[in-house]
Amino acid sequence: MPTRKDAGVDEDNFDRGIVPAETAARKEREGEDYKTTPKNEEGEVETTGGYTTSNEGLTNNYAIEPEMYVETPGDIPEDEQPKT
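Residue numbers (our numbering): 952 to 1035.
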């Protein structure tokens, strides 16, 4: 899967003089993929909208609401919600 470089994540640490051992090891292990997140290819369902990358290179994937179950973007209007 192709990756993209996250904007605004230029620093490798939060403290200007100390680089944590985990960060240095992750940088060496991941090489050019360090601080990148997956990128969708054309024509695929959007699954990478919740990815973020911290200054130390940690990638998180936060939950987002998929649009694939409704015909129009956004939530289903309240008058069309199933009654419980």
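For every residue, glycine included, the Cβ atom is placed at its ideal position computed from N, Cα and C.
- The alpha-carbon of Glu-992 is positioned some 11 Å away from that of Thr-999.
- Distance from the CA atom of Thr-1004 to the CA atom of Thr-974, rounded to whole angstroms, is 12 Å.
- DSSP places Thr-999 outside both helix and strand once states are collapsed to three, so it counts as coil.
- Rounded to the nearest whole angstrom, the CA to CA distance from Glu-1007 to Arg-977 is 9 Å.
- With respect to Gly-994, Ile-1015 sits apart: the two C-beta atoms are not nearer than 8 Å.
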